[in-house]
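Presented below is the structure to which this report refers.
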Ligand SMILES: Cc1cc2nc3c(=O)[nH]c(=O)nc-3n(C[C@H](O)[C@H](O)[C@H](O)COP(=O)(O)OP(=O)(O)OC[C@H]3O[C@@H](n4cnc5c(N)ncnc54)[C@H](O)[C@@H]3O)c2cc1C
Ligand SMILES: Cc1cc2nc3c(=O)[nH]c(=O)nc-3n(C[C@H](O)[C@H](O)[C@H](O)COP(=O)(O)OP(=O)(O)OC[C@H]3O[C@@H](n4cnc5c(N)ncnc54)[C@H](O)[C@@H]3O)c2cc1C
Ligand SMILES: Cc1cc2nc3c(=O)[nH]c(=O)nc-3n(C[C@H](O)[C@H](O)[C@H](O)COP(=O)(O)O)c2cc1C
Ligand SMILES: Cc1cc2nc3c(=O)[nH]c(=O)nc-3n(C[C@H](O)[C@H](O)[C@H](O)COP(=O)(O)O)c2cc1C
Ligand code: FES
Ligand code: FES
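See the structure below:
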């Protein structure tokens, strides 16, 4: 059998990945942090930490709490900011032979546009992922992502300012995620990714204070997987653009649930903390699964869900 | 120290409980199932399985799937129906020295009214809990609970038809739970309980079919606790009526998080399956916690959260 | 029914992926009847969250509860790692057992793989009429040596899917042959079965066709095990009224005619 | 930095609730420097989910990585149950270690409880200038016997909160007394500390006041341990620019003057 059997290559509209396994924003740093541990080029893609125009220091500590089969984070989008990113991170990222996607975050619709514009034509950046769903920042962020018309406006603004494919990342903290998905699709997004974290909280019963200095944080990890899978399935039913599934994926079996539900690709977040080599392991696991079952192309698996 | 130290008695408007530990609907049957295992009268209260006018057989199997630190259920509100409930369950429930609350569910707003009316004056029923949040039934159910005005109308209809305190149980599958809570408060509800389950899904990657015959199910258990606690805290900030906290409570420490956040009482659901004696254990755990810290009355703990 | 922490007295692999565990619980042993089961918490903590149901496979010395189990997933893999001295929380005995055969009846026990567990307790308990046990396994390596479990000898036949021991083919072949024997007296016989769904369906069909009373021990995913969650439903054969039984309290043993085998 | 499955060679309680674990990892041992740490996955599976950070406490025979830990919660309780032959996934060595004292310097190591761990590796590694170790414990039962860990003898003093051994009072009393001695040469001294926040804050204040170089090994809740999650922030003392360090990659060892001790 040739090295390319089974073929794991996936096309998400204008975007092509050598395999459907992408590292999620905020959980894989700028890629470099994991370089010593694996061959990054085995991955389908890497989404860097959410980028803002100016550097952000993030929230006061504590920023992390472990919860049952999950964790809450209130990082507050700490990142190096556009300037340092362009100078210090981009050159190294350009040496990689995997898709690099930049996750962007603005305090206003204009800022999203500015960021998109600044990344226009930058070599080595394959796409933008627009974060309209971060629960850990005071202004904008999730408020944008819970309103269909604001979500659409952010999408349009980014599209106007970029030459790259635009992925919009949705928040699960809504009544009807299909509604937001359709609004963003109509605004012209090339793909959707979901879910971001579920807003949660934890209290220290001795001090009676919140366990996160920010009080609220985003819940991620296997705990949220059933909710994520449901939403991905719902959105796949609601839109025609490709969907990237995210939420609690720990191994290739979890990844396959999302692919079978119709996600064209998946992202791995919290699992990177538990097992820093999980990305290549999932690629390998998917490959073996397909090979053992004679599935020649991953597309034969994607969306193969059999309704009850 | 006297037996009543610390005093765990809680008042939720017109409703008084000997302690704040209540067994959640659908996870404690009709109480009788647990009679051999514990002294039920140690509990603050028992909420029986969701009752509908006519008996319901529920969804096809499988109805249950275990998930990371949680479970999905798609029972479909299987229950004996009003007639059998009155004849077979009520007489035994009347012998208990704990609060019995009936969780009601209708296919239409009228049916909620009919059920409330049928339970009017029934001795041994301390209150009604109105389920506008079950994700596992085709019509009504959660659709009601995601719309503030429909939620309010159901509440009004029940209030019109009953002489008992009315607790309305909210769904977490909404963008802004405070909004629904306020609508229900304005409609006159005596108390709120939350959360019901988060809608989720799981897929068998071999058969590519949903693991639940109903495709979707409700996620419960410790996995959802951070989300539940956040919502309880938000609702406590949003309304003046008492709130009962539910979601992933496994032990007295978990229960205390909700009480400190401002819940006047808590409900224990999935934990009953894991440890059928968990209810009395939690009561005991709260008692010891208060005693060791010289907290004379549970009210001194309730809402004692110290914001960051 | 009680819930208690019970000590593991032994836990050993007695066939491929198949373990026999002895738990000290005089209280449960005193109450246990063939066909009943227990819900076991495979470790403290919250993952895995739910208890696992296991048939009572035998009892020993008025105090040992024997569980025969196959490692199939997360929970049973954790159980396989346990050693003597550890303890598990056990809830039981649960459910309704088999309606026992009467003195004059010949009992035919038809087991598919690990489904032999409840049938062995039935065999241990029933010291009256003659019993014949038919066991089907995937291959010889999975065959369970009865002398490790039972304190009596009994008449048994074996089938394996791969033909590595006994009859080559499904255990239902053995049943069919037996039922077709000239000297077989269907009026004095009664069948008891436990195993994979398709196998039990076939046994049920044979029994129903010939009018031989037959009881099957069913499985369903369970949360509570005590009738509280309504999770363990199985379709009844009745066209009206009750559409579902609950395996935990209505069963796990049912007369095969009460079940809709097409679901 | 590597990630590997390492075998537990031993794991024993050496003081109340305090365990010493030896893990075989020649690869990590070869790279390890005092002040660095590892992230340990306390069992496979997803609960507890995150790895736990532990300082490297010592190395032995070019292959044994020693971890000294206190049982404080879920993860460390699971570790305490592990036995020789089990294995853990270990990620390390991580972080920047201590800037080592130079030949002519006198090193004062001030440890609060389990905070002694990274300081022992520093003591093991530093075979040049004189070292004095000051250790504070809650009570005598918690005192860690150095000979179980170190292959050298060293000068040490002890304080206990309840006075059951050594000086009755905080370990900072010992430091204060030492710094106030007439013969103490502050220009040739350097302080290294690890322990509870309030204790380190006090040590930092004493050092800053007297202008003695002082490095502290800090703790923060960590998800990744490698600079990817931005979770392990600690406030810097700088009034502008960078407001937070990341304990995992900027530290865990910091000069005390770089840290805002009021947060
Ligand atoms: C009444 C009854 C008696 C049983 N007796 C035995 C016995 O004596 N020996 C034995 O080996 N097995 C028996 N089983 C099956 C046994 O319960 C499962 O094999 C076991 O729960 C699998 O757990 P796991 O964590 O290893 O598998 P996983 O697949 O990881 O379990 C995931 C979830 O599915 C449930 N589940 C998985 N398989 C089954 C199944 N076949 N039936 C019910 N629930 C399942 C688990 O309980 C758990 O909730 C019995 C089941 C029932 C209902
Ligand atoms: C760089 C570094 C080195 C450390 N070295 C040692 C050592 O050598 N010996 C030792 O006993 N302890 C050390 N600790 C503390 C140790 O990590 C915690 O005691 C341990 O994580 C507690 O885990 P648990 O599951 O038992 O507690 P739980 O309270 O159940 O843990 C819950 C969560 O909080 C985190 N957490 C709890 N306490 C701490 C803490 N003090 N610091 C950081 N995270 C914490 C856990 O990692 C986990 O994510 C070190 C911490 C850091 C950051
Ligand atoms: C520590 C942490 C930081 C994150 N930062 C970002 C971010 O900057 N931008 C973003 O869009 N999502 C961010 N996320 C969300 C993840 O990309 C992902 O959507 C989420 O964690 C769910 O996936 P998981 O369960 O696999 O972790 C972050 C998540 C975590 C845990
Ligand atoms: C098997 C099962 C059945 C349930 N049935 C009902 C019901 O009939 N009515 C209702 O209002 N809630 C029902 N619930 C929701 C619970 O009462 C509770 O709100 C939810 O499970 C969250 O709490 P937990 O995490 O403690 O289980 C059910 C939950 C489970 C797991
Ligand atoms: S398992 Fe809960 S009703 Fe049967
Ligand atoms: S622990 Fe992730 S950045 Fe430090």
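Residue numbers (this note's numbering), protein chains in the order written: chain C, 9 to 316; chain H, 9 to 316; chain G, 16 to 278; chain D, 16 to 278.
From the three backbone atoms N, C-alpha and C, an ideal C-beta is built for every residue, glycine too.
message: Please report whether the beta-carbon of residue 41 of chain H lies at a distance below 9 Å from any beta-carbon of chain G.
response: At least one C-beta of chain G is nearer than 9 Å to the C-beta of residue 41 of chain H.
- prompt: Using the C-alpha atoms, what's the distance from residue 35 of chain G back to residue 163 of chain H?
  reply: Each residue's Cα considered, the two are about 55 Å apart.
Amino acids of chain H, ordered along the chain, whose beta-carbon sits closer than 9 Å to that of residue 217 of chain C: Among the residues of chain H, those whose CB is under 9 Å from the CB of residue 217 of chain C are 313, 314, 315 and 316, following chain order.
- prompt: By DSSP, does residue 154 of chain H sit in helix, in strand, or in coil?
  reply: DSSP places residue 154 of chain H in coil when its eight states are reduced to three.
- prompt: Would you say residue 222 of chain C faces chain H, with C-beta separation under 9 Å as the test?
  reply: True, the Cβ-Cβ gap to chain H drops below 9 Å.
- prompt: Under 8 Å from any heavy atom of ligand 4, does the C-beta of residue 180 of chain D make it?
  reply: Because no heavy atom of ligand 4 lies under 8 Å away, the Cβ of residue 180 of chain D does not count as near it: no.
field: Same chain, Cβ closer than 7 Å to residue 258 of chain D, five either side skipped, listed in chain order
entry: Contacts found: 250 and 251.
- request: Taking only the alpha-carbon atoms, compute the straight-line gap between residue 148 of chain C and residue 159 of chain C and give it to the nearest angstrom.
  value: Residue placement at residue 148 of chain C is poorly supported in this model, since its pLDDT is 49, which falls under 50; the coordinates still yield a value, given next. Going by the C-alpha atoms only, they are around 11 Å apart.
message: Please state the DSSP three-state secondary structure of residue 288 of chain G.
response: The structure shown does not extend to residue 288 of chain G, since chain G is modelled only from 16 to 278, so the question has no answer here.
- prompt: Taking buried to mean at least 16 other C-beta atoms within 10 Å of its own C-beta, is residue 29 of chain G buried or exposed?
  reply: Classification for residue 29 of chain G: exposed.
query: Can you tell which of G:102, G:221 and G:240 has the C-alpha that lies nearest to the C-alpha of residue 231 of chain G?
result: For the residues G:102, G:221 and G:240, the minimum Cα distance to residue 231 of chain G belongs to G:221.
message: With DSSP as the reference, identify every bridge partner of residue 202 of chain H, one or two as the case may be.
response: According to the DSSP secondary-structure assignment, residue 202 of chain H is paired through a beta bridge with H:253.
task: Could you name the residues of the same chain whose beta carbon sits closer than 8 Å to that of residue 342 of chain D, not counting the 5 residues immediately before and after it, in chain order?
output: Any answer about residue 342 of chain D is impossible in this case: the structure gives chain D only from 16 up to 278.
- request: Please report the residue range of the alpha helix (DSSP H) in which residue 39 of chain D lies.
  value: No alpha helix (DSSP H) contains residue 39 of chain D, which is instead part of the beta strand (DSSP E) from 33-39.
message: For a quick check, are the C-beta atoms of residue 248 of chain D and residue 68 of chain C less than 9 Å apart?
response: Yes; because the gap between Cβ atoms is below 9 Å, this pair is in contact.
- prompt: Which full runs of the beta strand (DSSP E) of 3+ residues lie inside the segment 135-204 of chain G, going along the chain?
  reply: Correct list: 146-152 and 170-175.
query: Which of the three DSSP states, helix, strand or coil, is assigned to residue 305 of chain C?
result: Looking at residue 305 of chain C - three-state DSSP - the assignment turns out to be strand.
- prompt: Exposed or buried, which one is residue 54 of chain C when buried takes at least 16 other CB atoms within 10 Å?
  reply: Around the Cβ of residue 54 of chain C, a 10 Å sphere holds 16 or more other Cβ atoms; the residue is buried.
query: Is residue 65 of chain C close to chain D, meaning its C-beta is less than 9 Å from at least one C-beta of that chain?
result: So yes, residue 65 of chain C belongs to the interface.
query: Taking Cβ positions only, does residue 28 of chain H come closer than 9 Å to chain C?
result: Taking Cβ atoms only, chain C never reaches closer than 9 Å to residue 28 of chain H, which makes this a no.
query: Mind pulling the chain D residues with CB within less than 7 Å of residue 61 of chain G?
result: Here the neighbours are 62.
field: Check whether residue 37 of chain C and residue 130 of chain D have beta carbons under 9 Å apart
entry: No, they are not a contact pair.
query: Which partner residues of residue 25 of chain G appear in the DSSP bridge assignment?
result: Answer is G:37.
- prompt: Can you tell me where the alpha helix (DSSP H) with residue 246 of chain H in it begins and where it stops?
  reply: Segment 233-246, the alpha helix (DSSP H) holding residue 246 of chain H.
query: Is residue 132 of chain G near ligand 7, in the sense that its beta carbon is under 8 Å from a heavy atom of that ligand?
result: Ligands in the displayed structure: ligand 1, ligand 2, ligand 3, ligand 4, ligand 5 and ligand 6; ligand 7 is not one of them.
field: Start-end ranges of the beta strand (DSSP E) lying completely within the segment 62-93 of chain G, minimum 3 residues
entry: 67-70, 73-75 and 79-85, all fully within the segment 62-93 of chain G.
- prompt: Straight-line CA distance for residue 159 of chain G to residue 135 of chain G?
  reply: Taken atom to atom, the span from the alpha-carbon of residue 159 of chain G to that of residue 135 of chain G is near 11 Å.
- prompt: Comparing alpha-carbon positions, which option in C:75, C:252 and C:24 lies nearest residue 220 of chain C?
  reply: It is C:75.
- prompt: Hey, quick one: how far does the alpha helix (DSSP H) through residue 260 of chain C stretch, first residue to last?
  reply: In the DSSP assignment, residue 260 of chain C falls within the unbroken alpha helix (DSSP H) covering 260-269.
query: Taking Cβ-Cβ distances shorter than 7 Å, what residues in chain C pair up with residue 279 of chain D?
result: Only positions 16 to 278 of chain D appear in this structure, which leaves residue 279 of chain D out of reach.
field: residue 209 of chain C (DSSP reduced to helix, strand or coil)
entry: Note: residue 209 of chain C maps to strand in three-state DSSP.
task: Would you list the one or two residues that DSSP bridges to residue 103 of chain G?
output: For residue 103 of chain G, which the question treats as bridged, DSSP gives the partners G:21.
task: Have a look at the DSSP bridge pairing and note the partners of residue 259 of chain G.
output: Looking at the DSSP assignment, residue 259 of chain G forms a beta bridge with G:250.
- prompt: Between residue 106 of chain D and chain C, is there a C-beta pair that is closer than 9 Å?
  reply: Yes, residue 106 of chain D counts as interfacial toward chain C.
query: By DSSP, does residue 49 of chain C sit in helix, in strand, or in coil?
result: The answer is helix: DSSP assigns residue 49 of chain C an H, G or I state.
query: For the candidate residues D:235, D:204 and D:99, whose alpha-carbon lies nearest to that of residue 147 of chain D?
result: Per the Cα distances, D:204.
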